Structures are given as C-alpha cells and as structure tokens.
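In our numbering, the protein residues as written are 17 to 448.
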C-alpha cells in the first residue's frame with residue numbers, strides 16, 4: 017500500500033510556490049466548488065442559502081431537527097439544534113435549549129442522525145479531485161500518509177482557503193524510504209541523495225529527508241520499516257530499516273516537535289518502530305502482544321487501514337488477492353487485541369492512486385473486527401482527532417468545535433454501514 021507513482025512538478029517549485037499555488041487554486045475553484053454543493057437530502061432554507069461558501073472563515077448554518085450523537089460520551093440528543101457561525105459551532109443541544117439567530121440559514125435534518133465530520137488518519141491526497149472526493153464522502157479532516165511531490169502540503173493550504181474543497185489536512189510531505197525514486201525531484205535539496213549507492217540509509221541521509229520535509233512545512237514525518245503489501249514483487253515482511261535507523265528518523269523529527277507514522281507489517285518491524293518512538297503504527301498486520309503492550313505503555317496509536325487490506329483481497333493479481341485474504345483476518349484479530357488492551361485506535365483508509373474509499377468503510381471494518389458500534393465510530397472521530405492533535409476542535413459537535421458534520425438516514429449505533437454513504441456533508445458550516 018501507500019503511494020502511487022505520479023509525474024513530478026518542476027523541481028524549482030519552492031515551499032513558497034506551493035503555498036501560493038494552493039491559494040491561487042482555491043481562488044479559481046471556490047466558485048465552482050460552491051455551485052456544485054446542491055441539496056440532496058435535508059433542505060437548506062432562507063436567503064442565506066444563496067451566499068457563496070468556502071470562505072476562509074467558513075459559513076453560518078443551523079442544523080435543525082436531527083438526532084445528534086456525541087461520540088465522546090455516547091449521548092444521543094433527539095430533535096437537536098447545532099448553530100454554526102463562521103465555520104465554528106457556537107451552540108448545540110435540544111430544540112428550545114439553544115438560541116437560534118434570526119434569519120439564519122437552516123438545514124432541515126429531520127429523519128437523520130447528525131454526527132461530527134469524520135477523520136481519515138491515513139490517506140494519500142495528490143490532486144484537488146481526490147481532496148474533493150474525500151470531503152464529500154464525509155472525511156472533513158485527515159492526515160496524509162505522504163505524497164510523492166508535496167501535493168499534500170498544497171491540499172492543506174487549499175483546505176484553509178476553501179474548506180468546501182478539501183478536508184483539513186495534517187501533511188506528511190514525502191516518504192522517508194530507502195529508494196526515493198523520482199521523489200528526489202521534489203526539492204533541489206533532495207537531489208544529492210540520488211547519487212547514494214545504497215539509498216537513504218545513513219544517519220545523514222535520513223536526517224536530510226526529514227529536514228527537507230520540515231523546511232517544506234510538513235506537519236508529521238512518514239517512514240517505513242517493511243516493504244509494501246500492495247506490490248506483488250515485494251515482501252511485506254522484509255525489513256528495510258533497523259531500530260537504529262528508525263530512532264534516527266524519530267530523533268530528527270522530535271527536534272522540531274514532530275511525530276512519526278510508520279508503515280509496518282512484521283512483528284519485529286512493528287516492535288522496532290514502536291520502541292524507536294514512533295507516534296503511530298500503520299497497517300501492522302502481524303503486530304504481536306508484546307508490541308501492543310509496549311504501545312499501550314507509550315500511548316502509541318494503531319492505524320490498521322483495514323480498508324486497504326480488504327481491498328487487496330479483491331485484486332485481480334493472484335499474489336495480492338491471496339495476501340489480502342491471509343492478512344485481513346490476522347489484522348482484525350490484532351485490532352481487537354489492541355482495543356482490549358487499551359491501545360488507542362485511529363481509522364484510516366490508505367486511499368491512493370486516484371481512488372478515494374469512504375472512511376465509513378473503515379468504521380464498518382472496525383465494527384467487524386469486534387469493536388462496539390460506538391467505539392468503532394470513535395476511531396474516526398475522537399480517537400483519530402487525538403492522534404492528529406486536533407481533539408479540541410475536531411471529533412465532536414460542541415461549542416468551539418469545527419462546524420463539520422455529516423447526516424445519515426438512520427441510527428449508526430445500530431448500523432455503522434450508514435457512515436459509508438452520508439446523506440449530507442457540512443464542511444466549516446457550508447453544506448456540500
């Protein structure tokens with residue numbers, strides 16, 4: 017899994033250019049993005065409905081009449097009202113207990129459940145179309161699993177300028193991996209690494225990739241300890257970095273206050289990554305009990321990306337299909353064991369290559385692994401928000417939280433599959 021080859025932009029593009037380009041993109045596509053936000057279920061009323069959405073401050077909206085679920089407490093409020101002003105929740109509660117501004121734009125949510133926007137904690141967003149697909153499927157916040165040429169940093173800026181067009185994104189920049197391939201063209205400061213005979217393995221080379229990422233504005237660092245499961249010619253249990261190399265990456269990131277997420281499969285690889293100090297373990301199909309106990313002790317998160325592993329089983333390639341069929345039940349058992357031990361879980365789809373899978377599918381698979389419906393929902397709301405460090409603004413619909421929400425046509429505590437197809441998505445107070 018993780019990362020498809022994409023043609024590079026000019027290597028002369030600087031971080032300033034990435035941010036400026038994202039701002040320009042936001043300005044040119046905001047109008048079309050807003051126009052596309054047609055009503056599908058739940059009616060928006062009042063003169064305010066004609067206003068353009070996607071401004072940096074967000075929109076004003078009242079969601080009225082639905083059943084509100086707070087994932088943090090499990091509390092269910094019927095006939096609820098959520099008041100969003102300038103993209104932020106100002107009040108939420110039962111009808112009659114919340115003051116509603118006169119003349120406010122209103123979204124009728126009767127017959128629907130209202131939840132906070134979901135969080136995809138592992139996704140590869142390389143284009144504006146992918147970013148739009150993710151947010152419209154309910155992932156209003158996300159963490160990048162890296163991109164080939166810093167596209168995720170531009171997507172992050174796009175989201176800030178035009179929230180209706182992209183999820184708020186924690187960007188990982190480029191992969192810290194032994195073979196950078198064409199990624200050496202992503203930044204002039206990376207090109208000297210192309211002449212390294214053994215690839216990015218020395219302490220100096222590892223630090224260089226981390227430092228270039230951080231100079232470009234990455235929020236987190238992504239690395240690997242094992243080869244890829246999604247390439248039939250690779251062995252996902254083969255280890256590519258040692259404990260010492262992983263510790264070097266973690267130390268370089270920590271010097272700038274950043275965490276590390278690590279692509280991993282084998283038990284030894286998982287254990288080396290966790291003890292080296294990573295913030296979250298990605299995939300982790302064969303993670304064992306000793307490593308899970310260490311994760312609980314350290315507070316290391318587990319992002320199993322069940323959706324991606326399930327996708328392998330559907331591959332037309334017989335090696336990948338067999339890999340998926342073998343890995344998925346093992347990974348489900350690991351997820352349940354982690355949950356029962358108290359290891360924090362986060363939902364992530366590992367979507368890449370132009371196909372964006374709904375984050376609701378990951379919730380469905382968490383439930384299938386043995387979590388309760390509420391705990392499965394938490395992996396894509398409060399749990400993932402804590403991993404991203406945004407739990408004071410994302411993952412709930414309470415005062416001061418982001419005005420991101422989804423509407424589903426039934427009780428997700430009874431049927432979590434409803435989250436795969438939200439009836440309506442609201443991003444920063446703008447109905448999409």
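Ideal placement from N, C-alpha and C gives every residue a C-beta, glycine not left out. These numbers were taken from a predicted model, which means no experiment stands behind them.
Within 10 angstroms of its Cβ, does residue i collect 16 or more other Cβ (buried), or is it exposed?
i: residue 430; result: exposed
i: residue 40; result: Legend: pLDDT at residue 40 = 47, less than 50; position of this residue unreliable, value from coordinates given subsequently. Exposed.
i: residue 327; result: buried
i: residue 118; result: exposed
i: residue 374; result: buried
i: residue 92; result: exposed
i: residue 419; result: buried
i: residue 140; result: buried
i: residue 413; result: buried
What does residue i pair with, by DSSP beta-bridge criteria?
i: residue 130; result: 84, 423
i: residue 235; result: Answer by DSSP bridge pairing: none, since residue 235 is not bridged.
i: residue 136; result: 158
i: residue 447; result: 442
i: residue 96; result: 82, 110
i: residue 418; result: 104
i: residue 343; result: For residue 343, which the question treats as bridged, DSSP gives no partner whatsoever.
i: residue 186; result: 159
i: residue 229; result: DSSP, once it has assigned bridges, lists no residue as partnering residue 229.
i: residue 277; result: 238, 296
i: residue 319; result: 298
What did DSSP end up calling residue i once you bin it into helix, strand or coil?
i: residue 295; result: coil
i: residue 255; result: strand
i: residue 195; result: coil
i: residue 306; result: helix
i: residue 42; result: Note that residue 42 scores a pLDDT of 43, beneath 50, so its modelled location is shaky; the value from the coordinates is reported in the next line. In this structure, residue 42 counts as helix in the three-state DSSP scheme.
i: residue 116; result: coil
i: residue 290; result: helix
i: residue 53; result: Since pLDDT at residue 53 reaches only 37, below the 50 mark, its modelled position is unreliable, and no value is offered.
i: residue 151; result: helix
i: residue 124; result: strand
i: residue 313; result: helix
i: residue 437; result: coil
i: residue 77; result: strand
i: residue 216; result: coil
i: residue 168; result: helix
i: residue 201; result: helix
i: residue 69; result: With a pLDDT of only 34 at residue 69, under the threshold of 50, the placement of this residue in the model should not be trusted; the figure read from the coordinates follows. Looking at residue 69 - three-state DSSP - the assignment turns out to be coil, as it is neither helix nor strand.
i: residue 248; result: coil
i: residue 243; result: coil
i: residue 330; result: coil
i: residue 271; result: coil
i: residue 283; result: helix
Can you find a CB in chain C that lies within less than 8 Å of the CB of residue i?
i: residue 314; result: Structure shown: chain C not included; a single protein chain is present.
Original post:
Counting pairs of Cβ atoms below 8 Å between the region 300-318 and the region 351-367, do you hit three or more?
Top reply: At 8 Å Cβ cutoff, the stretches touch.
**OP:** Could you say if the region 333-349 and the region 245-252 meet the contact criterion of at least three C-beta pairs nearer than 8 Å?
**Re:** Yes: the two stretches touch, three or more of their Cβ pairs being nearer than 8 Å.
Subject >> Whole alpha helix (DSSP H) elements within the region 352-411, 4-residue minimum >> reply: Fully enclosed alpha helix (DSSP H) runs of no fewer than 4 residues occupy 375-384, 389-395, 398-404 of the region 352-411, in order along the chain.
Original post:
Can you find at least 3 beta carbon pairs, one from the region 129-144 and one from the region 423-443, that sit closer than 8 Å?
Top reply: Yes, the region 129-144 touches the region 423-443.
Original post:
Touch check for the region 155-167 and the region 176-196: three-plus C-beta pairs under 8 Å?
Top reply: Yes: at least three Cβ pairs fall under 8 Å.
Original post:
Is the region 215-224 in contact with the region 260-267, if contact means three or more CB pairs nearer than 8 Å?
Top reply: The region 215-224 makes contact with the region 260-267, as at least three CB pairs between them are under 8 Å.
**OP:** Indicate whether the contact test is met: 3 or more Cβ pairs, each with one atom in the region 144-154 and one in the region 275-294, closer than 8 Å.
**Re:** Contact between the region 144-154 and the region 275-294 is absent, because fewer than three Cβ pairs lie under 8 Å.
**OP:** Inspect the CB distances between the region 342-359 and the region 304-311 and report whether three or more fall short of 8 Å.
**Re:** Yes: at least three Cβ pairs fall under 8 Å.
Original post:
For the region 422-437 against the region 94-102, are there 3 or more C-beta pairs whose distance is under 8 Å?
Top reply: With the cut-off at 8 Å, the region 422-437 and the region 94-102 do not touch.
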